[in-house]
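**Student:** Residue numbers (my numbering): 81 to 539.
We put the beta carbon where it would ideally sit given N, CA and C, even for glycine.
For clarity, every value in this text was computed on a predicted model and none was experimentally measured.
If you scroll down you'll find the structure; I have some questions about it.
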Ligand code: PHE
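Here's what the structure looks like:
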């Protein structure tokens with residue numbers, strides 16, 4: 081597959097896939113989902129989904145990609161009946177929709193880097209003004225999309241692999257430092273309790289499906305991002321251990337983000353239910369308390385690293401539709417990148433305006449039975465990340481277990497992992513994709529749609 085390019089090394093693949101997984105989902109979204117979901121109970125459910133359900137789906141995605149050397153649409157066509165390409169198309173669509181709003185938030189993160197460089201620690205209180213400044217938000221959005229497009233147009237090993245290997249470890253070290261600092265603040269302990277002491281009476285249906293959507297989103301699953309990355313992986317690689325490292329890195333960083341955020345939130349007397357603004361409102365003030373020099377240094381580095389974490393994710397989001405257009409419609413990579421990135425940027429403009437700038441997009445839709453309107457950006461998130469991804473995950477599991485068939489999946493995994501067949505790991509993955517994932521994911525998907533969009537809730 082030399083003509084398609086590939087990862088140069090095992091660590092390169094793991095770093096790139098972990099780079100895809102680790103992003104705004106961990107540092108921006110996870111803490112506010114925990115805050116909205118009532119704290120530690122959400123964390124417990126999230127962890128259970130990540131390890132028991134998502135991990136087997138991840139192994140399956142990588143195996144499908146490596147077997148076919150194709151983008152998701154081509155992969156399903158190759159291994160199954162032509163009709164299964166619909167799963168790939170759903171994935172491409174999810175990638176397009178997610179990137180359209182993800183790029184906007186990534187732009188905010190980069191904008192905060194610039195604000196921190198200028199020592200604007202009060203930007204947290206002025207978050208609302210910042211996100212309605214269309215000149216700023218628009219320019220940062222363009223910048224971010226262009227950076228993403230440049231990396232994707234350079235192909236796999238040159239851009240994606242190299243960047244991920246350096247940036248990921250730096251981010252982890254920086255976060256550990258911030259966690260340590262957060263523990264020294266007054267009222268930190270209340271934050272830690274909120275985050276780590278579960279109150280199981282808080283587990284409701286929305287907590288379940290938000291935790292599931294978050295696990296899929298954070299692990300980049302259900303839309304074929306890892307089928308696409310898997311298509312560049314060498315047969316020598318052990319898919320199961322690679323997937324384990326990717327899952328651990330992703331969950332670990334989300335966990336650290338929460339550990340850092342809740343002491344900060346409680347020490348500032350803020351509400352953990354701050355929603356999408358949580359990190360943007362909370363963190364600048366915290367950096368300010370470090371004094372001007374250290375504050376600028378830590379604040380700017382933090383938001384720069386957050387931007388890079390987002391960049392390795394936007395790259396994987398763009399790679400899915402691009403590899404589809406390149407493989408299936410025989411368009412040259414550079415042209416495909418320009419085209420797809422341009423369309424996605426335009427699709428993101430309503431999301432840019434959905435945070436107070438435009439009344440129409442800020443109160444875009446009122447679901448049946450809901451008391452208040454949902455903004456456009458949140459709406460796209462509900463559709464693409466919370467609905468399409470778990471549905472895609474269910475279909476991928478069903479496809480592998482019943483259409484492609486388990487012995488083929490196991491054979492693919494066995495390459496690079498001699499002894500997999502007959503092992504406990506094989507038995508669990510078989511069980512998970514044959515029964516657990518299809519049943520649980522379909523049930524939760526149906527309940528989510530009924531409850532969230534139609535206000536029908538039997539629980
Ligand atoms: N996992 C990424 C994050 O947490 C987002 C993402 C979702 C990337 C789906 C690729 C595919 O930020």
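Within this structure, are the beta carbons of residue 320 and residue 204 separated by less than 8 Å?
**Tutor:** Looking up residue 320 in the chain shown gives position 240. Looking up residue 204 in the chain shown gives position 124. Contact flag unset, no.
**Student:** Could you pull the DSSP bridge partners for residue 445 from this structure?
**Tutor:** The residue given as residue 445 occupies position 365 in the chain shown. The partner list for residue 445 (beta bridge, DSSP) reads 454.
**Student:** Say the cut is 7 Å; is the CB of residue 311 nearer than that to a heavy atom of the ligand PHE?
**Tutor:** Reading the chain shown from its first residue, position 231 is the one you call residue 311. For the ligand PHE, not one heavy atom lies less than 7 Å from the Cβ of residue 311.
**Student:** Is the CB-CB distance between residue 179 and residue 386 below 8 Å?
**Tutor:** Residue mapping note: residue 179 aligns to position 99 of the chain shown, counting from 1. Residue mapping note: residue 386 aligns to position 306 of the chain shown, counting from 1. Their beta carbons are not under 8 Å apart, which means residue 179 does not touch residue 386 by this criterion.
**Student:** Can you find a heavy atom of the ligand PHE that lies under 7 Å from the Cβ of residue 460?
**Tutor:** Taking the chain shown and counting its residues from 1, one reaches residue 460 at position 380. It does not: the Cβ of residue 460 is nowhere closer than 7 Å to a heavy atom of the ligand PHE.
**Student:** Would you mind sorting residue 462 into buried or exposed? The rule is 16 or more other CB atoms within 10 Å of its CB.
**Tutor:** On the chain shown, residue 462 is found 382 positions in, with the first residue counted as 1. Result: buried.
**Student:** Would you tell me roughly how many angstroms separate the C-alpha atoms of residue 152 and residue 419, rounded to the nearest one?
**Tutor:** The residue labelled residue 152 in the question sits at position 72 within the chain shown. The residue labelled residue 419 in the question sits at position 339 within the chain shown. Cα to Cα, the separation comes out at about 19 Å.
**Student:** Where do the ends of the alpha helix (DSSP H) carrying residue 188 lie?
**Tutor:** Taking the chain shown and counting its residues from 1, the one referred to as residue 188 is at position 108. 165-197 is the extent of the alpha helix (DSSP H) around residue 188.
**Student:** When burial is assigned at 16 or more other CB atoms within 10 Å of the CB, is residue 279 buried or exposed?
**Tutor:** One-based indexing of the chain shown puts residue 279 at position 199. Label assigned to residue 279: exposed.
**Student:** Just to confirm, is the Cβ distance from residue 433 to residue 181 under 8 Å?
**Tutor:** As a working mapping, residue 433 is identified with position 353 in the chain shown. As a working mapping, residue 181 is identified with position 101 in the chain shown. Not a contact, by the Cβ cut-off of 8 Å.
**Student:** Would you mind sorting residue 89 into buried or exposed? The rule is 16 or more other CB atoms within 10 Å of its CB.
**Tutor:** Translated into positions along the chain shown, residue 89 becomes position 9. Per the 10 Å Cβ criterion, exposed.
**Student:** I'd like the span of the alpha helix (DSSP H) that includes residue 463, first residue to last.
**Tutor:** Counting from 1 along the chain shown, the entry for residue 463 is found at position 383. Segment: none, residue 463 is in no alpha helix (DSSP H) and carries neither H nor E.
**Student:** Say yes only if the C-beta of residue 177 is nearer than 7 Å to one or more non-hydrogen atoms of the ligand PHE, and no if none qualify.
**Tutor:** In the chain shown, residue 177 corresponds to position 97, counting from 1. It does not: the Cβ of residue 177 is nowhere closer than 7 Å to a heavy atom of the ligand PHE.
**Student:** Mind listing which residues have their beta carbon within less than 6 Å of any non-hydrogen atom of the ligand PHE? Chain order is fine.
**Tutor:** So the residues near the ligand PHE by this Cβ test are 100, 101, 103, 104, 105, 106, 178, 297, 298, 300, 303, 305, 393, 396 and 397.
**Student:** Would you identify the three-state DSSP class for residue 102, choosing helix, strand or coil?
**Tutor:** Position 22 of the chain shown, counting from 1, holds the residue named residue 102. Reduced to three states, the DSSP call for residue 102 is coil.
**Student:** For residue 393, collect the residues of the same chain with a Cβ closer than 6 Å to its Cβ; drop the 5 residues on either side in sequence, then sort them by chain order.
**Tutor:** The residue you call residue 393 lines up with position 313 of the chain shown. The residues are 100 and 103.
**Student:** Quick check on the burial criterion: 16 or more other C-beta atoms within 10 angstroms. Buried or exposed for residue 172?
**Tutor:** Counting from 1 along the chain shown, the entry for residue 172 is found at position 92. The residue is buried, with at least 16 neighbouring Cβ atoms inside 10 Å.
**Student:** The alpha helix (DSSP H) that contains residue 487, what's its start and end?
**Tutor:** Counting from one through the chain shown, the residue named residue 487 turns up at place 407. It spans 486-494 - the alpha helix (DSSP H) in which residue 487 sits, taken as one unbroken run.
**Student:** Roughly how many angstroms separate the alpha carbons of residue 73 and residue 190, rounded to a whole number?
**Tutor:** In the structure displayed, the chain extends from 81 to 539; residue 73 sits before or after that span and is not available.
**Student:** To the nearest angstrom, report how far apart residue 465 and residue 450 are at their CA atoms.
**Tutor:** In the chain shown, residue 465 corresponds to position 385, counting from 1. In the chain shown, residue 450 corresponds to position 370, counting from 1. Between residue 465 and residue 450, the C-alpha separation is close to 20 Å.
**Student:** Could you name the residues of the same chain whose beta carbon sits closer than 8 Å to that of residue 391, not counting the 5 residues immediately before and after it, in chain order?
**Tutor:** On the chain shown, residue 391 is found 311 positions in, with the first residue counted as 1. Answer for residue 391: 186, 224, 227, 228, 231 and 243, listed in chain order.
**Student:** Taking only three categories from DSSP, how would you classify residue 148?
**Tutor:** Taking the chain shown and counting its residues from 1, one reaches residue 148 at position 68. Of the three classes helix, strand and coil, the one that applies to residue 148 here is helix, per DSSP.
**Student:** Check for me: the alpha helix (DSSP H) holding residue 428 runs from which residue to which?
**Tutor:** Residue mapping note: residue 428 aligns to position 348 of the chain shown, counting from 1. Boundaries of the alpha helix (DSSP H) around residue 428: 413-432.
**Student:** Taking the alpha-carbon positions, what's the residue 208 to residue 531 distance?
**Tutor:** Working through the chain shown from its first residue, we reach residue 208 at position 128. Working through the chain shown from its first residue, we reach residue 531 at position 451. Cα-Cα distance, rounded: 30 Å.
**Student:** With a threshold of 16 other CB atoms inside 10 Å of the CB of residue 492, please say whether the residue is buried or exposed.
**Tutor:** Position 412 of the chain shown holds residue 492. Residue 492 should be labelled buried.
**Student:** On the DSSP letters alone, give me the boundaries of the alpha helix (DSSP H) that residue 112 sits inside.
**Tutor:** Position 32 of the chain shown, counting from 1, holds the residue named residue 112. First-last of the alpha helix (DSSP H) with residue 112: 110-116.
**Student:** Could you tell me how far apart the beta carbons of residue 123 and residue 220 are, in whole angstroms, since I believe they sit closer than 8 Å?
**Tutor:** The count along the chain shown starts at 1 and reaches residue 123 at position 43. The count along the chain shown starts at 1 and reaches residue 220 at position 140. Incorrect: roughly 31 Å between the Cβ atoms, too far for contact.
**Student:** Given this structure, state the Cα-to-Cα distance separating residue 439 from residue 381, to the nearest angstrom.
**Tutor:** In the chain shown, counting from the first residue as 1, residue 439 sits at position 359. In the chain shown, counting from the first residue as 1, residue 381 sits at position 301. Roughly 34 Å between the two C-alpha positions.
**Student:** Between 501, 157 and 302, which has its C-alpha nearest residue 467's C-alpha?
**Tutor:** Within the chain shown, numbered from 1, the residue matching residue 467 stands at position 387. When each option's Cα is compared against that of residue 467, the closest is 302.
**Student:** Within 10 Å of its beta-carbon, does residue 430 have 16 or more other beta-carbons around it, so buried, or fewer, so exposed?
**Tutor:** Reading the chain shown from its first residue, position 350 is the one you call residue 430. Residue 430 should be labelled buried.
**Student:** Ignore the nearest five residues each way along the sequence and tell me which others in residue 405's own chain have a CB closer than 8 Å to its CB.
**Tutor:** The residue labelled residue 405 in the question sits at position 325 within the chain shown. Cβ within range, chain order: 411, 416, 419 and 420.
**Student:** Taking 6 Å as the limit between beta carbons, can you name the residues of its chain near residue 86, skipping five residues before and five after?
**Tutor:** Start at 1 with the first residue of the chain shown, and residue 86 comes out as number 6. If we look at residue 86 and ignore the five residues flanking it on each side, its Cβ neighbours are 312.
**Student:** Can you tell me the Cα-Cα spacing of residue 472 and residue 437, whole angstroms?
**Tutor:** For this step, residue 472 is matched to residue 392 along the chain shown. For this step, residue 437 is matched to residue 357 along the chain shown. Distance between the alpha carbons of residue 472 and residue 437 is about 33 Å.
**Student:** Can you tell me the Cα-Cα spacing of residue 489 and residue 518, whole angstroms?
**Tutor:** Position 409 of the chain shown, counting from 1, holds the residue named residue 489. Position 438 of the chain shown, counting from 1, holds the residue named residue 518. Using only the alpha carbons, I get a separation of about 16 Å.
**Student:** To which residues of the same chain is residue 175 closer than 6 Å at the C-beta, ignoring the five residues directly before and after it?
**Tutor:** The residue you call residue 175 lines up with position 95 of the chain shown. Here the set comprises 303, 397, 400 and 401.
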